[in-house]
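Let me begin by presenting the structure, written as structure tokens, before commenting on it.
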Amino acid sequence: MPSRQTAEGRLPGDPTPREYVSRTIRVDHAGEYGAKRIYEGQLAVLGRTRFGPILEHMKAQEQVHLDTFSRLIAERRVRPTALLPIWHVAGFVLGAGTALMGHRAAMACTVAVEEAIDEHYRDQAATLGDDEQPLREDIERFRAEELEHRDIGLANEAELTPAYRLLSAAIKAGCKVAIRVTERV
Numbered sequence: 022m023p024s025r026q027t028a029e030g031r032l033p034g035d036p037t038p039r040e041y042v043s044r045t046i047r048v049d050h051a052g053e054y055g056a057k058r059i060y061e062g063q064l065a066v067l068g069r070t071r072f073g074p075i076l077e078h079m080k081a082q083e084q085v086h087l088d089t090f091s092r093l094i095a096e097r098r099v100r101p102t103a104l105l106p107i108w109h110v111a112g113f114v115l116g117a118g119t120a121l122m123g124h125r126a127a128m129a130c131t132v133a134v135e136e137a138i139d140e141h142y143r144d145q146a147a148t149l150g151d152d153e154q155p156l157r158e159d160i161e162r163f164r165a166e167e168l169e170h171r172d173i174g175l176a177n178e179a180e181l182t183p184a185y186r187l188l189s190a191a192i193k194a195g196c197k198v199a200i201r202v203t204e205r206v
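When we follow our numbering, the leftmost residue of the sequence shown carries the number 22, and every step to the right adds one.
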């Protein structure tokens, strides 16, 4: 059986396989950095409550993801996004802001972010070929952990947040815009 290559079936004007992998690493590094900052913001508000250990657990997993992409940035000589200072502030503000609205809103934030990342990682794994199997396996493993975070949020009453659908839609839209911009900048 012939092996599948990264970005197989691309059209003229689409990123080359090397460009696609660089974008993947750049955006995933930034996303994991932003996720860590969201949990730091939530912990600043809810860290001394019964939700502190839950948030610490999720933040620790995000740190492993970030460390992996930081290593890949260096190994693959990928230019990190110039937007990290923005994601540094935006992630913390999103985490702290939703936590200030209560634990349910913090969990709604987690659910929305993780659902957006699930879709993003699923699409990346489908585009990465056998030539990028280790990267694809990392992304699939991280995707499973992001889904665990979503499930934790749902188990902790995320859907009971007032205006849950509106909050969730706004956060998902913000994530998708951040992904598109970060791939290129």
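Cβ coordinates follow ideal geometry from the N, Cα and C atoms, glycine included.
Reducing DSSP to helix, strand and coil, say where Gly-174 ends up.
Under the three-state reduction of DSSP output, Gly-174 falls in the helix class.
Note down the Cα distance separating Glu-96 from Thr-102, rounded to an integer number of angstroms.
Answer to the nearest angstrom: the Cα atoms are 16 Å apart.
For Leu-64, which residues in the same chain have their Cβ closer than 6 Å to its Cβ, ignoring the five residues on either side in sequence?
Leu-76
Tell me whether Val-110 is buried or exposed, calling it buried when 16 or more other Cβ atoms sit within 10 Å of its Cβ.
exposed
Taking the alpha-carbon of Glu-178 as reference, which of Gly-150, Val-132, Arg-58, Arg-92 has the nearest alpha-carbon?
Val-132
Does DSSP put Met-122 in a helix, a strand or coil?
coil
Excluding the 5 residues flanking Val-134 on each side, which residues of the same chain have their C-beta closer than 7 Å to its C-beta?
Ala-56, Ile-59, Ile-192, Cys-196
Provide the residue span of the alpha helix (DSSP H) that contains Leu-67, from first to last.
In this chain, the alpha helix (DSSP H) harbouring Leu-67 covers 38-67.
Could I get the ranges of all uninterrupted beta strand (DSSP E) runs contained in the region 122-203, with 3 residues as the minimum, in chain order?
Those beta strand (DSSP E) runs which fall completely within the region 122-203 and span 3+ residues do not exist here.
In three-state terms, what does DSSP make of Glu-29?
Coil.
Quick one, are the C-beta atoms of Ala-28 and Thr-148 less than 8 Å apart?
yes
Spatial distance of Asp-35 from Trp-108 (CA atoms):
26 Å
Gly-116 (DSSP reduced to helix, strand or coil)
helix
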